[in-house]
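Residue numbers (this note's numbering): 26 to 417.
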């Protein structure tokens with residue numbers, strides 16, 4: 026199995042009880058409750074998802090160790106943890122700090138952070154609430170709103186240097202810790218444009234230097250395939266460069282060109298079309314130069330987060346809901362892995378890499394962890410795709 030490729034899997038850390046969930050939802054809540062209670066909304070809809078390992082506590086280092094071994098044994102080299110920070114308030118950090126970093130085999134994987142810098146509302150959505158990253162409670166306010174300020178960047182970097190960057194298995198580029206942003210447009214808007222965002226990143230890098238690190242390597246998520254706030258408008262790749270990001274990737278490309286014409290009674294897209302969207306998007310991004318890491322999207326099914334009153338037909342597009350991907354068999358996933366590996370290129374001192382979305386985002390229908398329907402077949406496809414590189 027080829028070991029020269031950095032295979033990063035995005036890790037969503039919402040599968041353990043934490044103080045915020047207890048306060049908002051009640052005793053013992055984690056997002057596993059969404060998964061258990063989701064029902065199919067059309068004939069043949071594969072819901073609910075049933076994890077083969079059960080509804081385990083990822084903040085337990087024994088379970089984290091099992092995840093690490095499973096990932097490493099199938100070619101994953103890094104977990105990219107979604108990281109949530111709201112002006113000093115954190116949520117869901119226990120999966121990383123109490124689980125992964127305390128696992129006895131943690132050295133088998135590298136890790137890094139993606140600041141998931143979006144508002145946090147309630148799941149499942151309230152009836153008629155637009156969007157998934159702006160979901161709010163019935164009193165119409167976000168539980169954890171995000172706003173970027175330069176002074177807060179100092180606290181972010183100080184915390185990361187102490188708790189994460191100093192770890193021997195934190196991922197680096199030329200010795201610099203790698204740090205990603207989920208929503209670079211929120212960063213840009215809060216700081217007054219690209220020049221303000223660049224000043225913010227430069228401040229973060231200088232702060233890392235005062236903590237003994239040679240700066241920070243910044244990576245940007247440029248979104249999906251359509252031109253909206255969470256999708257890839259092609260000129261925005263240049264904006265990322267203007268802001269000071271050295272690497273970009275396109276997260277979750279499931280809105281194919283057919284999205285706008287999907288009927289309200291069947292909000293589905295075929296994985297074969299998703300594969301074509303990936304190829305189109307990769308080419309467009311790379312035409313803008315810079316270092317691009319191809320993303321392999323596992324699939325998409327966000328119905329666990331849709332409001333529970335949904336029945337078909339339903340005007341899901343008016344609420345900015347994502348389509349449901351069908352036909353994402355292990356074999357099709359393996360095909361996309363092979364395409365991404367062929368697309369991945371070194372850039373300067375940066376090696377080849379791909380990102381898989383995701384390791385465990387069950388509530389969005391993206392998971393490499395074994396599920397009852399296919400078990401570890403997706404991981405086996407990844408391992409086989411990497412093995413094929415050795416014979417080329």
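Even glycine gets a Cβ: it sits at the ideal position worked out from N, Cα and C. All figures in this text were calculated on a predicted structure; none of them were measured in a lab.
| Query | Result |
| --- | --- |
| For residue 246, name the three-state secondary structure that DSSP assigns. | strand |
| Report the start-end ranges of each beta strand (DSSP E) in the stretch 300-370 that is 3 residues or longer and not cut off at the edges. | 320-322 and 349-351 |
| Hey, could you find the ends of the beta strand (DSSP E) residue 274 is sitting in? | 272-274 |
| In its own chain, which residues sit with a C-beta less than 8 angstroms from the C-beta of residue 194, not counting the 5 before and 5 after it? | 131, 132, 134, 135 and 136 |
| When the Cα atoms are used, what is the spatial distance from residue 182 to residue 49? | 28 angstroms |
| By DSSP, does residue 137 sit in helix, in strand, or in coil? | strand |
| Is it buried or exposed, residue 366, if we count other Cβ atoms within 10 angstroms and call 16 or more buried? | buried |
| Taking DSSP as the reference, what is the three-state secondary structure of residue 418? | The shown model of the chain, from 26 to 417, leaves out residue 418, and the question about it has no answer. |
| Check whether the Cβ atoms of residue 352 and residue 276 sit closer than 8 angstroms, and answer yes or no. | no |
| For residue 303 and residue 325, what's the separation of their Cα atoms in angstroms? | 14 angstroms |
| With DSSP collapsed to three states, give me the class of residue 45. | helix |
| Could you tell me whether the Cβ atoms of residue 279 and residue 245 are closer together than 8 angstroms? | no |
| Taking buried to mean at least 16 other C-beta atoms within 10 Å of its own C-beta, is residue 199 buried or exposed? | exposed |
| With a Cβ-Cβ cutoff of 8 angstroms, do residue 219 and residue 177 count as a contact? | no |
| Does the distance from the CB of residue 77 to the CB of residue 389 come in under 8 angstroms? | no |
| Residue 120: which of 85, 231, 141 and 330 sits nearest, CA to CA? | 85 |
| State the DSSP-derived secondary structure class of residue 230, mapped to helix, strand or coil. | helix |
| Between the stretch 82-96 and the stretch 310-318, do at least 3 Cβ pairs fall closer than 8 angstroms? | no |
| Any idea which residues DSSP pairs residue 169 with across the strands? | 145 |
| Would you mind working out which of 376, 40 and 412 sits nearest residue 359, comparing C-alpha positions? | 412 |
| Residue 237: which of 301, 201 and 213 sits nearest, CA to CA? | 201 |
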